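Student: One structure is given below, represented as C-alpha coordinates, and several questions about it will come after.
Numbering (this note's numbering), first residue to last: 156 to 316.
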(Lines of atoms letter the chains of each structure in order from A; the text may use other names.)
(Lines give C-alpha, C1' and ligand atoms only; values in the text may rest on other atoms or scores of the structure.)
Protein backbone atom coordinates (compact mmCIF):
# COMPACT_ATOMS: atom_id res chain seq x y z
CA UNK A 156 0.00 0.00 0.00
CA UNK A 157 1.39 3.40 -0.96
CA UNK A 158 2.07 5.91 1.81
CA UNK A 159 0.06 9.11 1.77
CA UNK A 160 3.15 11.24 2.31
CA UNK A 161 6.44 11.99 0.57
CA UNK A 162 9.75 13.41 1.69
CA UNK A 163 11.67 16.42 0.42
CA UNK A 164 14.84 18.16 1.52
CA UNK A 165 14.40 21.31 3.56
CA UNK A 166 16.67 23.82 5.22
CA UNK A 167 17.77 23.30 8.79
CA UNK A 168 16.31 26.71 9.66
CA UNK A 169 12.86 25.70 8.33
CA UNK A 170 13.09 22.33 10.09
CA UNK A 171 13.94 24.12 13.33
CA UNK A 172 10.89 26.38 12.95
CA UNK A 173 8.80 23.23 12.70
CA UNK A 174 10.53 21.80 15.80
CA UNK A 175 9.91 25.04 17.69
CA UNK A 176 6.19 24.83 16.94
CA UNK A 177 5.62 21.08 17.29
CA UNK A 178 8.19 19.19 19.39
CA UNK A 179 6.99 17.86 22.76
CA UNK A 180 10.20 18.49 24.70
CA UNK A 181 13.05 19.68 22.46
CA UNK A 182 13.98 23.12 21.27
CA UNK A 183 15.50 23.79 17.84
CA UNK A 184 19.12 22.78 17.36
CA UNK A 185 21.66 25.29 18.66
CA UNK A 186 22.65 27.85 16.02
CA UNK A 187 20.66 25.88 13.40
CA UNK A 188 23.27 23.13 13.70
CA UNK A 189 23.21 20.04 11.52
CA UNK A 190 24.34 18.63 8.19
CA UNK A 191 20.96 18.46 6.46
CA UNK A 192 17.22 18.14 7.03
CA UNK A 193 14.27 16.30 5.51
CA UNK A 194 10.57 17.01 5.63
CA UNK A 195 7.64 14.62 5.37
CA UNK A 196 4.77 16.10 3.37
CA UNK A 197 1.16 14.96 3.19
CA UNK A 198 0.43 14.20 -0.49
CA UNK A 199 -3.13 15.51 -0.38
CA UNK A 200 -2.77 18.71 1.62
CA UNK A 201 0.89 19.33 0.73
CA UNK A 202 1.35 20.22 4.42
CA UNK A 203 4.59 19.45 6.22
CA UNK A 204 3.78 16.79 8.81
CA UNK A 205 7.26 16.05 10.11
CA UNK A 206 10.95 16.88 9.95
CA UNK A 207 14.27 15.21 10.65
CA UNK A 208 17.56 17.01 11.29
CA UNK A 209 20.76 15.01 10.85
CA UNK A 210 24.18 16.15 11.98
CA UNK A 211 27.54 15.25 13.40
CA UNK A 212 27.32 13.17 16.56
CA UNK A 213 27.20 15.29 19.70
CA UNK A 214 29.49 12.84 21.53
CA UNK A 215 33.12 12.89 20.40
CA UNK A 216 33.12 9.10 20.85
CA UNK A 217 31.13 8.75 17.63
CA UNK A 218 32.82 11.44 15.52
CA UNK A 219 34.49 9.02 13.11
CA UNK A 220 33.25 10.50 9.84
CA UNK A 221 31.05 7.46 9.15
CA UNK A 222 28.50 7.99 11.93
CA UNK A 223 25.57 10.39 11.67
CA UNK A 224 23.26 11.49 14.49
CA UNK A 225 19.57 12.25 14.13
CA UNK A 226 19.46 15.27 16.41
CA UNK A 227 15.78 16.08 15.92
CA UNK A 228 12.81 14.06 14.71
CA UNK A 229 9.51 15.85 15.03
CA UNK A 230 6.12 14.73 13.76
CA UNK A 231 2.80 16.58 14.11
CA UNK A 232 0.30 14.89 16.40
CA UNK A 233 -2.21 14.41 13.57
CA UNK A 234 0.34 12.95 11.11
CA UNK A 235 -0.43 9.62 9.45
CA UNK A 236 0.94 6.50 11.10
CA UNK A 237 4.43 5.64 9.91
CA UNK A 238 5.62 9.17 9.10
CA UNK A 239 8.46 9.04 11.65
CA UNK A 240 9.64 5.61 10.51
CA UNK A 241 9.44 6.83 6.92
CA UNK A 242 11.75 9.79 7.66
CA UNK A 243 14.17 7.56 9.59
CA UNK A 244 14.31 5.08 6.70
CA UNK A 245 14.90 7.84 4.14
CA UNK A 246 17.67 9.26 6.33
CA UNK A 247 19.34 5.84 6.46
CA UNK A 248 19.18 5.44 2.69
CA UNK A 249 20.65 8.90 2.12
CA UNK A 250 23.46 8.33 4.62
CA UNK A 251 24.33 4.99 3.03
CA UNK A 252 24.54 6.65 -0.42
CA UNK A 253 26.82 9.27 1.12
CA UNK A 254 29.18 6.51 2.34
CA UNK A 255 28.13 6.44 5.98
CA UNK A 256 27.74 3.19 7.86
CA UNK A 257 25.97 4.01 11.12
CA UNK A 258 23.31 6.38 12.44
CA UNK A 259 22.59 7.03 16.10
CA UNK A 260 19.89 8.88 18.00
CA UNK A 261 18.53 9.14 21.51
CA UNK A 262 15.07 8.89 23.05
CA UNK A 263 13.87 9.58 26.53
CA UNK A 264 13.41 6.42 28.57
CA UNK A 265 9.67 7.10 28.77
CA UNK A 266 9.36 7.05 24.95
CA UNK A 267 8.60 3.65 23.43
CA UNK A 268 10.73 3.95 20.28
CA UNK A 269 8.10 2.34 18.04
CA UNK A 270 9.13 4.48 15.05
CA UNK A 271 12.77 3.47 15.47
CA UNK A 272 11.83 -0.21 15.77
CA UNK A 273 9.63 0.16 12.70
CA UNK A 274 12.57 1.57 10.75
CA UNK A 275 14.83 -1.33 11.80
CA UNK A 276 16.90 0.43 14.48
CA UNK A 277 18.22 -1.29 17.61
CA UNK A 278 18.22 -0.01 21.19
CA UNK A 279 21.87 -0.39 22.23
CA UNK A 280 22.36 1.45 25.53
CA UNK A 281 20.69 3.10 28.48
CA UNK A 282 22.26 6.39 29.52
CA UNK A 283 22.15 8.20 32.83
CA UNK A 284 21.33 11.92 32.98
CA UNK A 285 24.06 14.44 32.27
CA UNK A 286 23.69 16.33 35.53
CA UNK A 287 26.89 18.31 35.04
CA UNK A 288 25.65 19.87 31.77
CA UNK A 289 23.67 22.53 33.59
CA UNK A 290 26.87 23.96 35.06
CA UNK A 291 29.18 23.91 32.04
CA UNK A 292 29.52 26.74 29.58
CA UNK A 293 29.75 26.23 25.85
CA UNK A 294 32.55 27.63 23.66
CA UNK A 295 30.85 31.03 23.50
CA UNK A 296 30.86 31.34 27.30
CA UNK A 297 27.09 30.98 27.52
CA UNK A 298 25.69 28.73 30.24
CA UNK A 299 23.38 25.94 29.21
CA UNK A 300 19.74 26.35 30.15
CA UNK A 301 18.49 24.02 32.85
CA UNK A 302 16.17 21.84 30.80
CA UNK A 303 14.23 18.93 32.25
CA UNK A 304 15.50 16.58 29.52
CA UNK A 305 19.06 16.88 30.86
CA UNK A 306 17.86 15.24 34.07
CA UNK A 307 16.18 12.22 32.45
CA UNK A 308 17.50 8.79 31.50
CA UNK A 309 17.80 8.12 27.78
CA UNK A 310 18.23 5.24 25.38
CA UNK A 311 20.73 5.29 22.51
CA UNK A 312 19.53 3.68 19.30
CA UNK A 313 21.58 2.82 16.25
CA UNK A 314 21.11 1.66 12.72
CA UNK A 315 24.06 -0.07 11.08
CA UNK A 316 23.66 0.36 7.32
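Virtual Cβ for every residue (Gly too), placed ideally from N, Cα, C.
Note that the structure is predicted; figures quoted are calculated from it, not measured.
(1) What do you get for residue 240, buried or exposed, if any count of 16 or more other CB atoms within 10 angstroms of its CB means buried?
(2) By Cβ distance below 6 Å, which residues in the same chain neighbour residue 304 in space, the five residues on each side in sequence not counted?
(3) Let me confirm a value: residue 171 is counted as buried when at least 16 other C-beta atoms fall within 10 Å, else exposed. Which label applies?
(4) Note down the Cα distance separating residue 282 from residue 259, rounded to an integer number of angstroms.
(5) Do residue 198 and residue 358 come within 9 Å of each other at the CB atom, strictly closer than that value?
(6) If you draw a straight line from the alpha carbon of residue 236 to that of residue 186, how long is it in whole angstroms?
(7) Just confirm the distance between the C-beta atoms of residue 309 and residue 263, as a whole number of angstroms; I'd bet it's less than 8 Å.
(8) How long is the line joining the alpha carbons of residue 257 and residue 265, rounded to whole angstroms?
(9) At which residues does the beta strand (DSSP E) containing residue 170 begin and terminate?
(10) Hey, quick one: how far does the beta strand (DSSP E) through residue 282 stretch, first residue to last?
(11) Cβ of residue 168 within 9 Å of Cβ of residue 205?
(12) Does DSSP put residue 240 in a helix, in a strand, or in coil?
(13) When the distance is taken between beta carbons, is residue 278 closer than 9 Å to residue 227?
Tutor: Put simply:
(1) buried
(2) 180
(3) buried
(4) 13 Å
(5) A query on residue 358 cannot be resolved here, the shown segment of the chain reaching from 156 to 316 and no further.
(6) 31 Å
(7) 6 Å
(8) 24 Å
(9) Here residue 170 belongs to no beta strand (DSSP E); instead the alpha helix (DSSP H) covers 167-177.
(10) 277-282
(11) no
(12) helix
(13) no
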